[in-house]
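Engineer: The opening position of the sequence shown corresponds to residue 47 in our numbering, with each subsequent residue numbered one higher. Heads up, the beta-carbon is just placed ideally off N, CA and C, and yes, glycines get one too. I have a structure here, written as structure tokens, and I will follow up with some questions on it.
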Amino acid sequence: MRILTGITTSGTPHLGNYVGAIRPAIAASHAAGVESFYFLADYHALIKVAEPARVQRSTLEIAAAWLACGLDPQRVWFYRQSDIPEIPELTWLLTCVAGKGLLNRAHAYKAAVDRNTAEGDDPDAGITAGLFMYPVLMAADILLFNAHKVPVGRDQVQHIEMARDIGARFNHLYGGHFTLPEAAIEEHVATLPGLDGRKMSKSYDNTIALFAPRAELKKLIAGIVTDSRAPGEAKDADGSNVFQLYQAFASAEETAAMRQAFADGIGWGDAKQKLFARIDAELAPLRERYEALIAHPMRIEEQLRHGAEKARAIASPLLAKLREAVGLRALDARIAPAATPGKTRTERPQFKQYREADGRFYFKLLADDGRLLLQSSGFASPKEIGALIAQARSGALDAAALLQHATPADGVDPVMLAAALRELQAEG
Ligand code: TRP
């Protein structure tokens, strides 16, 4: 079982990253029978950040944070994306099979287009091709190592689905090279509230830096927004961000005791002091390691280079196979005649619409080899058919729904239909 995830190097690690990603990932990396791949997604950082010093600083801080928190580079694959030239190379191979329509539907890109449209701008104003290609680069990260599970936040689930679609399309055209990955959403990991009570996030500017010096940590915690209940007044534990933060660091017994203290009217000052003490108890030894690491960046650099070697030992043989598979081949090899029978790139599943002598409108779905998959019943207008086909292409209508309007050809089962539909969707 391979688990893989990337961390974009665009900021400073905060408590939310620690509780939501770093701590559970390191715990998972100790499980037996698991191979863990964690990497610094610095190519992805370039999509958002045009400040070279910040990308470099963030790479250092995130690498140091993971190592300080106990990631064991002997046990896992820990590397920097830009040290793996196979990743951009695979990105191109995947770009050539990724449907542009599929990428048009990516949430981040669509949101940017919607903002532009709302402001009366050109739909693509200010949008880089990098943002548009983000899902393909991410698919390359994942497929290159044949990861089974990808732990991500909810906002990233669509990207994993796209990696599956793009991988499936490549497999279909060139043979089964890729494992199709699945998103693993950490349901039980709490999202931490930030200083203002909203989700802790860099974009809200409400974070507590994971390795803020002790005095600063104390000051930040003192500044957490609370209600104005006085000491002695009972307080609602579950509605309090102080309590939620405490819970993320405390044992079950400590949490129960704090819940009781809230009911008994603990003052906010005391509650924050206890929160600080609890967080600091967990982080102090890690902070010490972090500071030692940051003071010697070349040691981290060496770890990352070593990690890259380990990762490339897997990536480069796979890429050699992929080059061969797509036809990027040495000319001394036996050269096959160009017109080999079999699939050419123009053969895709397709919908055909037509009108019969009865005056009604029909559609059929043909497989990539031209075989009939589905034959529709008659429709009064071609518009209805157009709408159905558009929905099928966008993924809004699945095989089962399509079967309400059409009959499968002999020997065609729902799995074949679903595969053809996926392919149409990937094509966009
Ligand atoms: N896009 C991810 C994020 O912003 C980071 C990332 C890049 C990633 N490549 C990945 C995550 C591959 C998982 C797998 O969180």
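Please determine whether the Cβ atom of Thr-482 lies at a distance below 6 Å from any heavy atom of the ligand TRP.
Structural biologist: With the chain covering only 47 through 474, there is no way to say anything about residue 482.
Engineer: Contact criterion: CB-CB distance below 7 Å. Does Asn-63 meet it with respect to chain D?
Structural biologist: The chain labelled as chain D is not found in the depicted structure, where only one protein chain is given.
Engineer: Between Val-372 and Tyr-220, what straight-line distance do the alpha-carbon atoms span, to the nearest angstrom?
Structural biologist: Their backbone Cα atoms lie some 7 Å apart in a straight line.
Engineer: Determine the closest residue to His-223 out of Gln-290, Asn-192 and Ala-114, with distance taken between C-alpha atoms.
Structural biologist: Of the candidates Gln-290, Asn-192 and Ala-114, the one whose C-alpha sits nearest the C-alpha of His-223 is Asn-192.
Engineer: Pairs of beta-carbons, one from the region 106 to 114 and one from the region 74 to 81, closer than 8 Å: are there three or more?
Structural biologist: Contact fails: fewer than three Cβ-Cβ distances are below 8 Å.
Engineer: Under the criterion of a Cβ to heavy atom distance below 6 Å, does Ile-267 qualify as lining the ligand TRP?
Structural biologist: Result no, Cβ not under 6 Å from the ligand TRP.
Engineer: On the DSSP bridge list, what partners appear for Glu-232?
Structural biologist: Beta-bridge pairing links Glu-232 to no other residue.
Engineer: Between which residues of its own chain and Arg-401 is the CB-CB distance below 6 Å, once the five residues before and five after are set aside?
Structural biologist: Hits under 6 Å: Phe-407.
Engineer: Alpha carbons only, please: which of Ala-296, Phe-289 and Arg-200 is nearest the one belonging to Phe-308?
Structural biologist: Out of Ala-296, Phe-289 and Arg-200, Phe-289 has the C-alpha closest to the C-alpha of Phe-308.
Engineer: For Glu-469, which residues in the same chain have their Cβ closer than 6 Å to its Cβ, ignoring the five residues on either side in sequence?
Structural biologist: If we look at Glu-469 and ignore the five residues flanking it on each side, its Cβ neighbours are Pro-395.
Engineer: Can you give me the start and stop residues for the beta strand (DSSP E) that Glu-81 sits inside?
Structural biologist: 81 to 87 is the extent of the beta strand (DSSP E) around Glu-81.
Engineer: Between Arg-126, Ala-209, Ile-53 and Leu-117, which lies nearest to Gly-353 when the distance is taken from Cα to Cα?
Structural biologist: Of the candidates Arg-126, Ala-209, Ile-53 and Leu-117, the one whose C-alpha sits nearest the C-alpha of Gly-353 is Arg-126.
Engineer: Could you check if Ala-80 belongs to the surroundings of the ligand TRP, using beta carbon to heavy atom distance under 6 Å?
Structural biologist: The residue asked about is misnamed: residue 80 is Val in this sequence, not Ala. For the ligand TRP, not one heavy atom lies less than 6 Å from the Cβ of Val-80.
Engineer: Return the chain-ordered ranges of every alpha helix (DSSP H) run that is complete within the region 198 to 227 and spans a minimum of 4 residues.
Structural biologist: Entirely contained in the region 198 to 227, the alpha helix (DSSP H) runs reaching 4 residues are, in chain order, 203 to 220.
Engineer: By Cβ distance, which residues of its chain are closer than 6 Å to Leu-443, with the 5 residues on each side in sequence left out?
Structural biologist: Here the set comprises Gln-437.
Engineer: Assign Leu-148 to one of three DSSP states: helix, strand, or coil.
Structural biologist: DSSP places Leu-148 in helix when its eight states are reduced to three.
Engineer: When DSSP labels each residue in this structure, what does Ile-254 get in the three-state scheme?
Structural biologist: The answer is coil: DSSP assigns Ile-254 none of H, G, I, E or B.
Engineer: Using the C-alpha atoms, what's the distance from Gly-311 back to Arg-275?
Structural biologist: Between Arg-275 and Gly-311, the C-alpha separation is close to 9 Å.
Engineer: So if DSSP puts Arg-401 in a beta bridge, which residue, or which two residues, is it bridged to?
Structural biologist: DSSP output for Arg-401 lists Phe-407 as bridge partner(s).
Engineer: For Ala-466, which residues from the same chain have a beta carbon less than 7 Å from its beta carbon, with the 5 sequence-adjacent residues on both sides left out?
Structural biologist: Pro-395, Leu-411, Ala-413 and Leu-419.
Engineer: Please name the residue or residues paired with Ile-49 in a DSSP beta bridge.
Structural biologist: Ile-49 pairs with Ser-82 and Lys-195.
Engineer: Could you tell me whether the region 131 to 151 touches the region 323 to 343, where touching means 3 or more Cβ pairs closer than 8 Å?
Structural biologist: At 8 Å Cβ cutoff, the stretches do not touch.
Engineer: Pick helix, strand or coil for Ser-427, following the three-state DSSP scheme.
Structural biologist: If DSSP states are grouped into helix, strand and coil, Ser-427 belongs with coil.
Engineer: At which residues does the alpha helix (DSSP H) containing Arg-260 begin and terminate?
Structural biologist: Here the alpha helix (DSSP H) through Arg-260 covers 260 to 268.
Engineer: Assign Ser-422 to one of three DSSP states: helix, strand, or coil.
Structural biologist: Looking at Ser-422 - three-state DSSP - the assignment turns out to be strand.
Engineer: Nearest by alpha-carbon distance to Arg-358: which of Gln-293, Thr-55, Tyr-336 and Asp-187 is it?
Structural biologist: Out of Gln-293, Thr-55, Tyr-336 and Asp-187, Asp-187 has the C-alpha closest to the C-alpha of Arg-358.
Engineer: Just list the residues that DSSP pairs Ala-452 with in beta bridges.
Structural biologist: In the DSSP output, where bridge partners are listed per residue, Ala-452 has Ser-422.
Engineer: Which of the three DSSP states is assigned to Lys-156 in this structure?
Structural biologist: Here Lys-156 sits in helix by DSSP.
Engineer: Going straight from the alpha carbon of Ile-93 to that of Leu-177, what length do you get?
Structural biologist: When rounded, the distance between both Cα atoms is 6 Å.
Engineer: For Asp-316, is the beta carbon positioned less than 6 Å from some heavy atom of the ligand TRP?
Structural biologist: No, Cβ of Asp-316 sits at least 6 Å from all heavy atoms of the ligand TRP.
Engineer: Using CA coordinates, which residue listed in Leu-365, Leu-140 and Gln-450 is at the minimum distance from Gly-424?
Structural biologist: For Gly-424, the nearest C-alpha among the options comes from Gln-450.
Engineer: Assign Thr-141 to one of three DSSP states: helix, strand, or coil.
Structural biologist: Thr-141 falls in the helix class under three-state DSSP.
Engineer: In whole angstroms, what is the alpha-carbon distance linking Asp-415 and Glu-393?
Structural biologist: Taking the straight line joining both Cα atoms gives about 7 Å.
Engineer: Is the beta carbon of His-153 within less than 6 Å of some heavy atom of the ligand TRP?
Structural biologist: No, Cβ of His-153 sits at least 6 Å from all heavy atoms of the ligand TRP.
Engineer: For the ligand TRP, is there any heavy atom lying closer than 6 Å to the beta carbon of Asp-284?
Structural biologist: Outside the cutoff, so no.
Engineer: What does a CB cutoff of less than 6 Å around Tyr-319 pick up in its chain, not counting 5 residues either side in sequence?
Structural biologist: Note that residue 319 is Gln in the sequence shown, not Tyr. Around Gln-319: no qualifying Cβ.
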